[in-house]
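What follows is one structure encoded as structure tokens, with my remarks underneath.
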Amino acid sequence: MKLDVLATPGHLITMAARGFVRLSEARLKPLGFGVGYLPALVALRDGLAGSQRDLARIVRIEQPSMAQMMARMERDGLIRRTPDPADGRSSRVALTDAALARLPDACAALFQGNRDALDGFSDEEAAQFLALLDRLIANLDRLATGGTTAEHA
1 MKLDVLATPG HLITMAARGF VRLSEARLKP LGFGVGYLPA LVALRDGLAG SQRDLARIVR
61 IEQPSMAQMM ARMERDGLIR RTPDPADGRS SRVALTDAAL ARLPDACAAL FQGNRDALDG
121 FSDEEAAQFL ALLDRLIANL DRLATGGTTA EHA
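Residue 106 in UniProt numbering sits at position 106 of the sequence shown, with consecutive numbering throughout.
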């Protein structure tokens with residue numbers, strides 16, 4: 001059996017991720033959003049986060065990357081930062097009215113893009129695909145922290 005690097009899960013998932021990013025960026029840009037913004041903005045909207053540290057943990061990116069993203073979101077008028085009364089060294093982060101007004105359309109565009117990308121998948125296939133991706137991500141998280149996959153434990 002010849003091993004084909006272009007047929008590996010890592011490569012195929014990378015290609016799919018790039019396709020999703022291109023699709024999402026094209027649909028979100030007219031609304032004033034970057035695709036990377038949405039998880040953070042939804043976390044703020046839903047009250048799951050209120051600080052840069054919270055957002056970095058939820059979105060699963062490093063603090064410096066989150067700081068850069070927050071600077072862009074603030075520049076774009078999507079968030080505002082205010083001093084944290086409990087900790088003078090940090091800020092509280094909140095959505096602006098403009099972000100709140102445009103976020104539903106952005107989420108709808110993202111969901112429609114996902115539905116379009118899964119065109120031809122049955123509901124059962126789509127659910128199985130998502131479950132498999134969740135399992136894959138859990139395996140990768142375990143491996144990244146020095147653990148093993150369940151199969152090899």
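Ideal Cβ placement from N, Cα and C applies to all residues, glycine included.
Distance, residue j Cα to residue i Cα
i, j, result
"Glu74", "Arg80", "6 Å"
"Gly77", "Gly32", "9 Å"
"Asp87", "Ser51", "11 Å"
"Leu140", "Asp123", "26 Å"
Cβ-based burial, residue i [other Cβ within 10 Å; buried from 16]
i, result
"Val93", "buried"
"Val5", "exposed"
"Leu110", "buried"
"Met69", "buried"
"Gly120", "exposed"
"Leu130", "exposed"
"Val21", "exposed"
"Met15", "exposed"
Cβ-heavy atom distance, residue i to the ligand MN, below 7 Å
i, result
"Met73", "This structure lacks the ligand MN, and indeed carries no ligand of any kind."
Collapsed DSSP secondary structure at residue i in the structure displayed
i, result
"Ile58", "helix"
"Asp134", "helix"
"Thr8", "coil"
"Gly113", "helix"
"Gly19", "helix"
"Ala49", "coil"
N-terminal and C-terminal residue of the alpha helix (DSSP H) that residue i is part of
i, result
"Pro39", "37-45"
"Ser65", "63-75"
Residues near residue i by beta carbon distance below 8 Å, same chain, minus five either side
i, result
"Asp116", "Leu23"
"Ile58", "Pro39, Ala40, Ala43, Leu48, Ala49"
"His11", "Val5"
"Glu62", "Ala56"
"Ala126", "Leu118"
Extent of the continuous beta strand (DSSP E) to which residue i belongs
i, result
"Gly88", "87-95"
"Pro83", "79-84"
Spatial neighbours of residue i in its chain, beta-carbon cut-off 6 Å, leaving aside the 5 residues before and after
i, result
"Cys107", "none"
"Ala98", "Gly77"
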